[in-house]
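So the structure is just underneath, and the comments pick up after that.
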Amino acid sequence: MRALLIALVLVLTAGCSSGPPSDLPEDFAGTFTYTKGSVPPKYHYEWTLTFTATDATVAWRPGYDDKTPPWTTTTPITAEARATFYRTLRDAGALQATSTNRDGGVGGSTGSLSVIADGETYGSPHLGTNRDNHDLLEAIHDASVNLLPATVWDEFEQRQKHWGAGS
């Protein structure tokens, strides 16, 4: 009976660990770049999300002028948010062999991904350039947006609108 009680306590407290989730690689980190599709300059932007074990930095660049300094912000991220991000990328297929396929797409949003997980480097340098990887681009985009608080993205969108009004 005592062994059963100990086993029950262990099962009930197993999910109460304050450490990172067990399926999250300790070295999980990387960069995702998203470029808005072919639109007039005042609506165009690109941003790069760089994430580590403790924080994420977004560098947002309005328009097509790559000489304009990007707007940046760094936000702390929790182990749980990072684990959710990892699982979403893994489940979407982003942590598979590197893809360089560029056939079949013109004019839409594009992106690139480079991540390290379990000592391996994974990447997709030409996302959104074909029908096969467009869904992967959208999944990574959505996961990246969900990694950070909505207020971060709201601020960038407001700055983009203000910048676009002056164009």
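Counted the way mature numbering (1 follows the signal peptide of the UniProt record, and there is no 0) counts, the sequence shown spans residues -19 to -1, 1 to 148.
For every residue, glycine included, the Cβ atom is placed at its ideal position computed from N, Cα and C.
As the structure is a prediction and not an experimental result, all values here were calculated from the model.
Would you mind working out which of the options sits nearest residue i, comparing C-alpha positions?
i: phenylalanine 32; options: Glu119, Gly109, Gln139 and Phe9; result: Phe9
i: tryptophan 28; options: Ile97, Thr35 and Thr49; result: Thr49
i: glycine 11; options: Gly147, Leu70, Trp41 and Asp46; result: Leu70
i: asparagine 127; options: Thr91, Ile58 and Glu101; result: Ile58
i: serine 19; options: Pro51, Tyr45, Asp99 and Glu61; result: Tyr45
i: tryptophan 41; options: Asp47, Thr53 and Thr35; result: Thr53
i: histidine 122; options: Pro130, Thr132 and Leu94; result: Leu94
i: alanine 120; options: Gln141, Gly74, Thr35 and Gln139; result: Gly74
i: alanine 37; options: Pro51, Asp99 and Phe13; result: Phe13
i: threonine 30; options: Gln139, Trp134 and Ser3; result: Checking the displayed sequence, the identity of residue 30 turns out to be leucine instead of threonine. The residue with the shortest Cα to Cα distance from leucine 30 is Trp134.
For residue i, count neighbouring Cβ atoms within 10 angstroms of its own Cβ and tell me buried if that reaches 16, exposed if not.
i: glycine 104; result: buried
i: arginine 112; result: exposed
i: proline 43; result: buried
i: leucine -16; result: Note that leucine -16 scores 42 on pLDDT, short of 50, meaning its location in the model is unreliable; the coordinates nonetheless yield the value given after this. Exposed: under 16 other Cβ atoms inside 10 Å.
i: histidine 143; result: exposed
i: threonine 132; result: exposed
i: glycine 92; result: buried
i: threonine 16; result: buried
i: alanine 98; result: buried
Where do the ends of the alpha helix (DSSP H) carrying residue i lie?
i: alanine 75; result: Premise fails: alanine 75 is in no alpha helix (DSSP H) and is neither H nor E.
i: glutamate 119; result: 112 to 128
Sort out for me which residues DSSP pairs residue i with in a bridge.
i: aspartate 36; result: Pro57
i: threonine 31; result: Thr12 and Thr38
i: arginine 96; result: Residue identity differs from the one stated: residue 96 is valine in this sequence, not arginine. For valine 96, which the question treats as bridged, DSSP gives the partners Gly11 and Tyr103.
i: tyrosine 26; result: Pro43
i: threonine 91; result: Thr16
i: leucine 108; result: Gly92
Check for me: the beta strand (DSSP E) holding residue i runs from which residue to which?
i: glutamate 138; result: Segment 131 to 146 is the alpha helix (DSSP H) holding glutamate 138; no beta strand (DSSP E) there.
Which residues in the same chain have their Cβ closer than 6 angstroms to the Cβ of residue i, if we skip the five residues on either side of it in sequence?
i: phenylalanine 66; result: Ala124 and Leu128
i: glycine 145; result: Lys23
i: histidine 115; result: Gly109
Does residue i have its Cβ less than 8 angstroms from a Cβ in chain C?
i: tryptophan 134; result: Among the chains of the structure shown, chain C does not appear; only one protein chain is present.
Please return the same chain residues whose Cβ sits closer than 8 angstroms to the Cβ of residue i, not counting the five positions on each side in sequence.
i: glutamate 136; result: Thr54
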